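Per my numbering, the very first residue in the sequence shown carries number 41; after that it's consecutive. Written out below as structure tokens is the structure these notes cover.
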Amino acid sequence: MTMINTILAGVCLLSLTACGNLQNWNSDYLSGGEYLSDDQGMVLSCYGDLISTKHNSESAANRFWQANNLPKGTANFVCKDGKAYLPSKVTDCQGNLIAKQSGGIAQFKLNNDFPRYEDGEMVWYTIFNCQGSKVVPVDHTNK
């Protein structure tokens, strides 16, 4: 009988430990965990994924900044054809710097029919692909 009680106690302890770990995972997942953010909220990569900032040298944020040759800590960037650029260095699909165009990024988004929220605000990130000289906005809002 003692053996059965010991086994049952072990199973109960393991179950509680598993529930505790699951609860911690779930709360991290639901609260957003540690992700790159700016004044607009959490920042998306050029593929629509949240960028993790777990504090270690191999975080997704560090890999993202290195792969795109961006200064560490950059949260304001424009994605063109899957690569991130500083807003002052990104070109349109004809090779012209967007920042030097009248109205800059905001006007570029208006001119190229970037998605808007229902209240008329522009989507806070700028992701687009080029099809020849045509700008094709990418919408990761699922709206």
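Using N, Cα and C, we set each Cβ at its ideal position, and we do this for glycine too. Being a predicted model, the structure only gives us computed values, none of them experimental.
Closest residue to P152 among G88, K174, I91 and A107 (Cα-Cα distance): The question names Pro, yet the displayed sequence has Asn at residue 152. The shortest Cα separation from N152 among G88, K174, I91 and A107 belongs to K174.
F168 in three-state terms, based on DSSP: strand
Check whether T166 and K149 have beta carbons under 8 Å apart: yes
Proximal residues to A115 (C-beta, below 6 Å), its chain only, five neighbours per side dropped: L76, D78 and V83
Buried versus exposed, by CB contacts within 10 Å (16 or more), A124: The C-beta of A124 has 16 or more other C-beta atoms within 10 Å across all chains shown, which makes the residue buried.
Buried or exposed (CB count within 10 angstroms, at least 16 for buried), A146: exposed
C-alpha distance - G135 paired with S99, whole-angstrom precision: Roughly 32 Å separates the two Cα atoms.
Length of the line joining the Cα atoms of S92 and S142: 34 Å
Secondary structure of K174, DSSP reduced to three states: Here K174 sits in strand by DSSP.
Where the beta strand (DSSP E) through K123 begins and ends: K123 to Y125
Which of helix, strand or coil DSSP assigns to V163: coil
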